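Down below is the structure, laid out as structure tokens.
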Amino acid sequence: MQAHYPPSFDREMGCTEAEWLMWLPAAAGEGPLHLATGHAEVSIDTGRLLLDWETLSPRVIALVRMPRLAVRFRFEGLTDERRYTFMRRFDLYMQRGGG
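What follows is the structure, encoded as structure tokens:
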């Protein structure tokens, strides 16, 4: 988790598009979510989050192949504090691990 989330940033996500689309509604929280091919809009209070993504080639390490998505986050009309609150929940929901 980060201490600050700027209004616009890019991330590489280690998942397939199908996984991303399955997780996104719950990660987005209670605000309305509008999906289109490669795009989504999440309403948050009086602002919104615009998401765009594209599939990247998998990361290959020896025999391991990890899927990747390039995701652009663009917040509009939200304070620093509200972006942080939203992304803290979003990041916790999207966090995957094993062990």
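Quick note: the sequence shown, position 34, residue 16 per our numbering, numbers continuous. Heads up, the beta-carbon is just placed ideally off N, CA and C, and yes, glycines get one too. If you're wondering where the values come from, they're calculated on a predicted model, not measured in any experiment.
Comparing alpha-carbon positions, which option in the options lies nearest residue i?
i, options, result
"Ala52", "His16, Arg70, Glu(-1)", "Glu(-1)"
"Val24", "Pro7, Trp2, Arg47, Asp73", "Pro7"
"Ala(-15)", "Arg64, Arg30, Met76", "Arg64"
"Arg30", "Gly59, Pro49, Glu36", "Gly59"
"Phe92", "Leu45, Ala44, Phe68", "Missing from the structure shown is residue 92; the chain here goes from -17 to 81 and no further."
"Arg(-7)", "Leu17, Val46, Leu38", "Leu38"
"Arg78", "Pro(-12), Tyr(-13), Glu1", "Glu1"
"Arg50", "Pro(-12), Thr19, Met(-5)", "Met(-5)"
"Glu36", "Gly11, Ala18, Ile43, Leu74", "Ala18"
"Arg70", "Val42, Ala9, Cys(-3)", "Ala9"
Given a cut-off of 8 Å on the beta-carbon distance, is the pair residue i and residue j in contact?
i, j, result
"Leu3", "His21", "no"
"Ser(-10)", "Phe55", "yes"
"Tyr66", "Tyr(-13)", "yes"
Which residues does DSSP list as the beta-bridge partners of residue i?
i, result
"Glu23", "His16, Leu32"
"Ser39", "None; Ser39 has no bridge partner."
"Ala52", "Glu(-6), Glu36"
"Arg47", "Val42"
"Phe57", "Leu31"
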